[in-house]
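Colleague:
Protein chains: 2
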Amino acid sequence: MSEDYKTKKVISIGVVKELTGLSERQIRYNEERKLIFPERTPNGTRKYSFSDIETLVKIAEKREEGVQSMELKQELKKEKDREETEAQMRKKMIRGQLNAHFRMNEGR
Amino acid sequence: MSEDYKTKKVISIGVVKELTGLSERQIRYNEERKLIFPERTPNGTRKYSFSDIETLVKIAEKREEGVQSMELKQELKKEKDREETEAQMRKKMIRGQLNAHFRMNEGR
DNA sequence: AAACTATGTAAGCTTTCCTTACATATGTAA
DNA sequence: TTACATATGTAAGGAAAGCTTACATAGTTT
Chain C
152 MSEDYKTKKV ISIGVVKELT GLSERQIRYN EERKLIFPER TPNGTRKYSF
202 SDIETLVKIA EKREEGVQSM ELKQELKKEK DREETEAQMR KKMIRGQLNA
252 HFRMNEGR
Chain U
152 MSEDYKTKKV ISIGVVKELT GLSERQIRYN EERKLIFPER TPNGTRKYSF
202 SDIETLVKIA EKREEGVQSM ELKQELKKEK DREETEAQMR KKMIRGQLNA
252 HFRMNEGR
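As given, the protein sequences belong to chains C and U, one line each in that order.
Anchor point for the first sequence: position 74 equals 225 in the working numbering, and the numbering is continuous, going up by one each time.
Anchor point for the second sequence: position 25 equals 176 in the working numbering, and the numbering is continuous, going up by one each time.
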C-alpha cells in the first residue's frame, strides 16, 4: 500500500463536490484551465486526490477575490516551485548531515 | 478541511477493488461480517477510507491462512483496543509533561 | 463591438453501484 | 452422514453517478 494518502488519486467528482462545495461544472472547468490534473480510470472517470481538493478550495477563495485563471496558474506554479525547492533543501541538509556523520566516523 | 486523510471515508468500491485486488463481492461480504464499516452517501453508495483498505488487505492475508471471520473479528478488535490504549498513553504522557511544565513555571 | 471568463443547465449515453437471489465448494457440528 | 455455516461467483434489473457536447448568459477585457 503506497502510503501517500494526500496525493493518491482515488476520489470521484461527487465527493469532491461535497467536500469543496463547488459544482461539478466548476470542478471540471478548473481542469480545463489546467489548474488541477485529475487522473482517469480506463473508462474515463476522473479521480482526484485530497491535495487536489485543497487546491480547489484555494482557487475558489482567490476567485472570490476576483483573481482569474491565468494569474491563478502563475500563483500555483510559484507555490509548487517553492514547495519543491524546500523539499530539495531538506534533502541537501540531510545529505550534509550524513556526510558530516561519516566524516566523523571516517577511519573506523 | 478535516486533515485526516487516512480515516476519511471518500473512496468508492471500484477503487477499493483496484487497490486491494479483491472482488466487490468479497469487499461487501467483509462488511456483512462486521469487519469493516464503510459509510453511505444519502443515496446508498458505500464510501471507504484508506484505513478500511488496509484492514481489508490484512483480512485477505489472514483468510489465506485459513483464519475465518469470527476469529478475525476478535483479532481486529484486539488491535483496535491496543491502538486506542496507545493513543491514551500518549495523551497522558503529554498531559504529564504539561503538568510538569506548569509546575516548573508555577509562581511566575 | 467582439472576444474571453466563469458558470448554469439540458440532453443523451456509459459506467458504476446497489440489492436480491441462486449456485457451489469446503469446512464444522449434530 | 445429513445439515448448517463460510466464503465466493455470477446474473438480473434498477438507480445513481459520471461523461461529453452544446447552448445561454452576465461580466470583463481588448
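Where is the CB? At the ideal position from N, CA and C, for every residue including glycine.
Leaving out five residues before and five after residue 202/C in sequence, what residues of the same chain have Cβ atoms less than 6 Å from its Cβ?
Modeller: Residue 202/C sits at position 51 when you count from the first residue of the first sequence. 157, 158.
Colleague: Measuring only the C-alpha atoms, how far is residue 168/U from residue 174/U?
Modeller: Taking the second sequence and counting its residues from 1, the one referred to as residue 168/U is at position 17. Taking the second sequence and counting its residues from 1, the one referred to as residue 174/U is at position 23. Distance between the alpha carbons of residue 168/U and residue 174/U: 6 Å.
Colleague: Going straight from the alpha carbon of residue 235/C to that of residue 232/U, what length do you get?
Modeller: Counting from one through the first sequence, the residue named residue 235/C turns up at place 84. Counting from one through the second sequence, the residue named residue 232/U turns up at place 81. Their backbone Cα atoms lie some 39 Å apart in a straight line.
Colleague: Since residue 309/C is in the alpha helix (DSSP H), which residue starts that stretch and which ends it?
Modeller: The question about residue 309/C has no answer here: the residues shown for chain C are numbered 152 through 259.
Colleague: Classify residue 189/U as buried or exposed, calling it buried when 16 or more other Cβ atoms lie within 10 Å of its own Cβ.
Modeller: Residue numbering aside, residue 189/U sits at position 38 when the second sequence is read from its first letter. Looking at its Cβ environment, which holds 16 or more other Cβ atoms inside 10 Å, residue 189/U is buried.
Colleague: Verify the CB distance criterion: does residue 258/U have a CB-CB separation below 7 Å to chain C?
Modeller: Along the second sequence, one-based indexing puts residue 258/U at 107. Residue confidence is low: residue 258/U scores 44 on pLDDT, short of 50, so the model does not pin down where it sits. Its coordinate-derived value is still stated next. Chain C, which has no Cβ nearer than 7 Å to the Cβ of residue 258/U, makes this no.
Colleague: Got a sec: is the Cβ-Cβ distance from residue 162/C to anything in chain U below 7 Å?
Modeller: In the first sequence, residue 162/C corresponds to position 11, counting from 1. Yes - at least one Cβ of chain U is within 7 Å of the one on residue 162/C.
Colleague: What are the boundary residues of the alpha helix (DSSP H) that includes residue 154/U?
Modeller: Start at 1 with the first residue of the second sequence, and residue 154/U comes out as number 3. No alpha helix (DSSP H) contains residue 154/U, which DSSP labels as neither H nor E.
Colleague: Is it right to say residue 197/C is buried, meaning 16 or more other beta carbons lie within 10 angstroms of its own, or is it exposed?
Modeller: By one-based count along the first sequence, residue 197/C stands at place 46. By the neighbour-count rule (16 or more Cβ atoms within 10 Å), residue 197/C is buried.
Colleague: Do residue 164/C and residue 178/C have their beta-carbon atoms positioned less than 7 Å apart in this structure?
Modeller: Within the first sequence, the letter at position 27 stands for residue 178/C. Within the first sequence, the letter at position 13 stands for residue 164/C. Yes, the Cβ-Cβ distance between residue 178/C and residue 164/C is below 7 Å.
Colleague: For residue 162/C, which three-state DSSP category applies?
Modeller: To locate residue 162/C, count along the first sequence from 1; it is residue 11. Note: residue 162/C maps to strand in three-state DSSP.
Colleague: Taking the straight line between their C-alpha atoms, what separation do you get for residue 248/U and residue 237/U?
Modeller: Here residue 248/U is taken as the residue at index 97 of the second sequence, counted from 1. Here residue 237/U is taken as the residue at index 86 of the second sequence, counted from 1. Cα to Cα, the separation comes out at about 16 Å.
Colleague: Note down, in chain order, all residues in the region 165-190 of chain U with a beta-carbon under 7 Å from any beta-carbon belonging to chain C.
Modeller: Answer set for the region 165-190 of chain U: 166.
Colleague: At least one CB of chain C closer than 7 Å to the CB of residue 156/U: is that the case?
Modeller: Position 5 of the second sequence, counted from the start, is the residue given in the question as residue 156/U. Output row for residue 156/U: interface = yes.
Colleague: Would you check if the distance between the CB atom of residue 200/C and the CB atom of residue 160/C is smaller than 7 Å?
Modeller: Within the first sequence, the letter at position 49 stands for residue 200/C. Within the first sequence, the letter at position 9 stands for residue 160/C. The answer is yes: Cβ separation under 7 Å.
Colleague: If we ignore side chains and look at the alpha-carbon of each, how far apart do residue 186/C and residue 204/U end up?
Modeller: Position 35 of the first sequence, counted from the first residue, corresponds to residue 186/C. Position 53 of the second sequence, counted from the first residue, corresponds to residue 204/U. So the two alpha carbons sit approximately 29 Å from each other.
Colleague: Between the Cα of residue 171/C and the Cα atoms of 209/C, 218/C, 195/C, 182/C, which residue gives the shortest distance?
Modeller: Stepping through the first sequence from its first residue, residue 171/C is reached at position 20. It is 209/C.
Colleague: Buried or exposed: residue 192/U, going by 16 or more other Cβ atoms within 10 Å of its Cβ?
Modeller: Indexing the second sequence from 1 puts residue 192/U at position 41. Exposed is the call here.
Colleague: Would residue 181/U be called buried (16 or more neighbouring beta carbons within 10 Å of its own) or exposed?
Modeller: Here residue 181/U is taken as the residue at index 30 of the second sequence, counted from 1. Burial call: buried.
Colleague: So what does DSSP say about residue 216/U, is it helix, strand or coil?
Modeller: Here residue 216/U is taken as the residue at index 65 of the second sequence, counted from 1. Residue 216/U falls in the coil class under three-state DSSP.
Colleague: If you drop the 5 nearest sequence neighbours on each side, which residues of the same chain put their C-beta closer than 8 Å to that of residue 215/C?
Modeller: Reading the first sequence from its first residue, position 64 is the one you call residue 215/C. Around residue 215/C: no qualifying Cβ.
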